[in-house]
Structure formats: C-alpha cells, structure tokens
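For the sequence shown, the working numbering assigns the number 196 to the initial residue and increments by one for each residue that follows. All C-beta atoms in this analysis are idealised placements derived from N, C-alpha and C, irrespective of residue type, glycine included. Below is one structure, written out as structure tokens, with a few remarks after it.
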Amino acid sequence: MMSTKGVLYILFIFLGISMVSAISGDVIMGDVVQSSVDSSITIGVPSNCSNNITEGAEECDWGGNNGVACSPPYDGSCQYCTLSCEFLNLSGSYCGDGTCDSANETSSSCSADCAAGGGSSSGAGGGDGGGVAVTPKKVYDFYVDKNLLEIELPKGSYVKKKLKVINNGTEELLINVTVTNLGIFISPSMETFVLKIGESRIIEFDIYALESQRADTYVGKINFVEGHVSRSVNIVFDLKEKSSLFDMKTKVIRKYVVPGNRVVADIVIKELGDFGKIRVDLEYSILDFNNVTYGSGKESFVMEESFSKRVFLETSKQDPIGDYIFYSKLTYEDITVSSYDSFKLEKISLLMWLLIIFILIILIIIIMILIKKERERRRAKLAIHESKNQF
C-alpha cells in the first residue's frame, strides 16, 4: 500500500504539472513536451454575452439587464450595457439643448430653453409646474444572429445562406450590406434595407463556388453598416476540388489562447492516390478575417501514404483580441490542398483567476492535512516503539 509520503510526492508532482500547463502554456502529450514559459497566462475562456460575467472582448455584461436603457439625470449622463455587451452613454437634458425641461428648468433659470411665463415648450400652463421633460438620447443599435459563418463547397456548386439582423435600438435604421475579400463568391440578396424599431429581417446570400478559382481556404467578412454603428460576420470559405488526391485536416489543440503564447495544431495528411514516396511542401499560418497574417511556417518532407505532425506558431502580446484561423496548405507539383481550424485570442477572465486560486487553496489544505496525519502516525509509531523498549 502506498505510504502517505508517496501520496504527498504524487500530489506535489500533479500540482506542479497542472500549474505549469495552465500558466506557461506547455503542451504535454506522450513523450512530447513543447514549452512556452513566460509571464503570460494561457488559460482563456469563451465570451458569452448575457451570462452576467464580463469576459473576453466584452466591455460589460449585465445578464438580463443587457439592452435596458438607463435614465440620465438632468445635466448629466448615464451608461448602460447593450445586447452586444458594449457600453453606451446616454445624456440627459441641459440648459441650451433647445427643449424646456419643465421638471428642472424655468424661464428664470434657463431662458434659452423656456419662454418667459411658461415652464414648458409644450405650451402647457405657466409657472414652474411639473411636466415630463427628460428626452432620452437616441440609441442606434442592432445585432446579427451569427458572428461566424463557415462554408465548404466543391467547385461548380451553389448554396444559399441566411443571416438574421435585429434592431434593438430606439431608432429606425438604414443598413448597407457589403462583402469584404469574398465578393467574387458571395452576393447579398439586398444591398440596402430599412429596419424599424424592434424589427428583425432575414438577409439571404447566394454563394457560388466558381470553377475558375483555385481550391483554397478564403477568409473575409460580411459587413452591416449604419451611419452610427456597424456589425460584421466573419466568413471562412473553404473551396474544394470536386475530387482531391489528398485529404488534409488541421486541429487547433487549444481554442482559446492569450496573446503572447503559442498556438498549437495537429496536421494530418492522407494520400488518396497512388504516388508512393513523394516530396511535398507544407505551409501553415495564423490569419485574421481581414486576411492579415500573424505568423507563418514552411517545411518540405517526403511522405508515403500519410503524414501527421504537431506544429506551433507564436503570437505576440500586441496581437488584437478576436477570432483567427490556423491555416495549412499542402503543395505537390501543381496540386494543392488546404484546411483550417478556428480559434480565439482572449485574455484570462476574473472568474478563471478565482477558479485557479480556489483550486490552489484546496490542494494546499489537502497537503497540510496529509502532512499532519503523517506526523501523527510517526508519533504513534515512535510511542509504541518506546513502550516496547521499556519492557
């Protein structure tokens, strides 16, 4: 039976491995250890707007109170959290805004807004009598039901996709639809539309996989632009050959990474033809949805039937938080095949910090209890030994 001392050693080893893996971003798998030790934390969590926890790229998250406009005070302002987890400021009425706030202004205190002898520009009875006068600021806001659209099509095919746009502001919106980087493949059913207060609309997109374009993985955006606010949906368009001589898959190990740490991915390639031993080129890179490259690698090797490798690329602490893809491409003579996997760069949340601290405290308490029991066991054993010596 394992002694308490042995259990303590195992606990210390487990604690050390867990914390190094969580904090430094080490990837431990079998006998492969890839280390990226620095002062960054590699634990990331996906943002989930409306879960009452501010995380990731969110400015705020008030749960069920998201989208509930506040009431600004006179000559002041207030802030509330929108349905897209962004702060929005509202301003209250003030002297000089052209509207007589009869609850706070009179002809003597603000002659610029209130005519002499009347407390309200509405013409209601004179004096300083009450009335409703706080005019809330106009809120121009809307959101789209998806933030990522992944499309895979063989050449020569066609598909239709839909996105739902919802007006959650206080004003009617005139929205323009544009496509960035993917205009040759994606065409919206309408380029401009009006969205009334509280209204939603389904926008359809015709997507064509052109025969003339080379098979590859393309990235871009569908943009919904209004004069005051805009929203974008990230697009991955994976254009495939009708019949391919290779099957290629890319899988990112950690889907949430803190800027400054490495992104690790497994690349698996299978030969579908009968080439025997061949020399191929492998390229891989990190791309954002503006088609900007944030790191890349390239290597050549000889493969037969199949090939697999774990690769990694470093990120910078200055890289923007947001969505990315790990893109890989295989080239053999004039044949190319590509694949990808998506991931996020996100900072560690307060909730995750608290969870790490809580786990550490529990482990320390367990270790202290085991140490105490070990000491008591030794004392009891020593006492028994001394009593035997007395006889």
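Secondary structure at Phe400: strand, using DSSP grouped into helix, strand and coil.
A residue is called buried once 16 or more other Cβ atoms fall within 10 Å of its Cβ, and Pro383 is buried on that count. By the Cβ criterion, the segment 385-400 is in contact with the segment 356-374, since at least three pairs of Cβ atoms, one from each stretch, lie closer than 8 Å. Between Val447 and Asp536, the gap from beta carbon to beta carbon is short of 8 Å. Spatial neighbours of Asn486 in its own chain (CB-CB distance under 6 Å, excluding positions within 5 residues in sequence) are listed in chain order as Asn376, Val414. Met563 sits in a helix when the DSSP states are folded into three classes. Rounded to whole angstroms, the Cβ separation of Asp514 and Leu343 is 18 Å, and the two are not in contact under 8 Å.
If one requires a minimum length of 3 residues, the beta strand (DSSP E) runs lying completely within the segment 382-441 are 387-390, 395-403, 411-420, 425-435, in chain order.
For the pair Arg574 and Ile561, the Cα-to-Cα distance works out to about 20 Å. When only Cα atoms are considered, Asp256 and Lys333 end up about 21 Å apart. Apart from the 5 residues on each side of it in sequence, Val506 sits with its Cβ closer than 7 Å to the Cβ of Ala460, Ile462, Tyr479, Gly492 in its chain, given in chain order. In the DSSP assignment, Arg457 falls within the beta strand (DSSP E) that extends over 457-466. In terms of Cα proximity to Phe337, the closest of Glu347, Lys359, Val532 is Lys359. Residue Val339 holds the alpha-carbon nearest to the alpha-carbon of Ser427 among Leu467, Val339, Gly271, Asp308. Closest in alpha carbon position to Phe432, among Asp296, Thr301, Ile417, is Ile417. The continuous beta strand (DSSP E) containing Gly492 extends over residues 488-499. The alpha-carbon separation between Leu405 and Ser438 amounts to approximately 15 Å. The segment 495-506 and the segment 393-404 do not touch, with fewer than 3 CB-CB distances between them shorter than 8 Å.
Between the alpha carbons of Tyr353 and Cys273 lies a distance of about 49 Å.
It is roughly 13 Å from the alpha-carbon of Asp476 to the alpha-carbon of Met443. In this structure, Leu434 keeps its C-beta atom at 8 Å or more from the C-beta atom of Lys524. Arg449 sits in coil when the DSSP states are folded into three classes, being neither helix nor strand.
For the options Asn284, Cys305, Leu283, Thr301, the alpha carbon positioned closest to that of Gly291 is the one of Cys305. In summary, Leu283 is buried, with 16 or more beta-carbon neighbours lying within 10 Å of its beta-carbon over all protein chains present. Secondary structure note for Val334: it is in no beta strand (DSSP E), with a DSSP letter that is neither H nor E. Phe470 and Glu347 have their C-alpha atoms roughly 27 Å apart. In the DSSP annotation of this structure, Asn299 is not part of any beta strand (DSSP E), being labelled neither H nor E. Between the beta-carbon of Ile516 and that of Lys542 there is about 6 Å, and that keeps the pair under the 8 Å contact cut.
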